[in-house]
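Asker:
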Amino acid sequence: MADKQFTVGDRVCITTQPPYLKTADPMPMLRPPDLVTLGEEGIIVEQKLGGYWAVRFERGTFLIDSRYIE
157 MADKQFTVGD RVCITTQPPY LKTADPMPML RPPDLVTLGE EGIIVEQKLG
207 GYWAVRFERG TFLIDSRYIE
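In the numbering used here, the protein residues as written are 157 to 226.
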């Protein structure tokens with residue numbers, strides 16, 4: 157799960173659609189997965205614990221598991 161190495165500022169794209177999205181706010185909320193389309197590019201803004209990354213997309217910043225991005 158945490159085998160992919162990214163750094164803050166890297167451009168990544170969604171390779172597999174996650175079942176839901178979690179906002180990267182101090183109080184995260186679950187959002188529908190269609191806010192980010194398959195293949196959409198985003199920029200990593202922060203590394204989180206457990207293989208999660210805060211990624212800024214056009215429609216918001218979300219916590220994305222590393223298995224869904226490359």
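We treat Cβ as the ideally placed atom computed from N, Cα and C, and that holds for glycine.
These numbers come from a predicted model, not from an experiment.
Within 8 angstroms, do at least three Cβ pairs link the stretch 178–190 to the stretch 158–167?
Answerer: Judged by Cβ distances under 8 angstroms, the stretch 158–167 makes no contact with the stretch 178–190, as fewer than three pairs qualify.
Asker: Are there 16 or more other CB atoms within 10 angstroms of the CB of glycine 195, so buried, or fewer, so exposed?
Answerer: Answer is exposed; the Cβ neighbour count stays below 16.
Asker: Candidates Asp181, Ala180, Val192: which alpha carbon is nearest threonine 171's?
Answerer: Closest by alpha carbon: Val192.
Asker: Of the choices Leu177, Ile225, Glu202, whose alpha-carbon is the least far from that of proline 215?
Answerer: Reading off the sequence, residue 215 comes out as arginine, not proline. Nearest of Leu177, Ile225, Glu202 to arginine 215, Cα basis: Leu177.
Asker: Within its chain, find whatever has a CB closer than 7 angstroms to the CB of glycine 198; leave out the 5 residues flanking it on each side and keep chain order.
Answerer: Cβ neighbours of glycine 198 beyond the five flanking positions: Val168, Val211, Arg212, Phe213.
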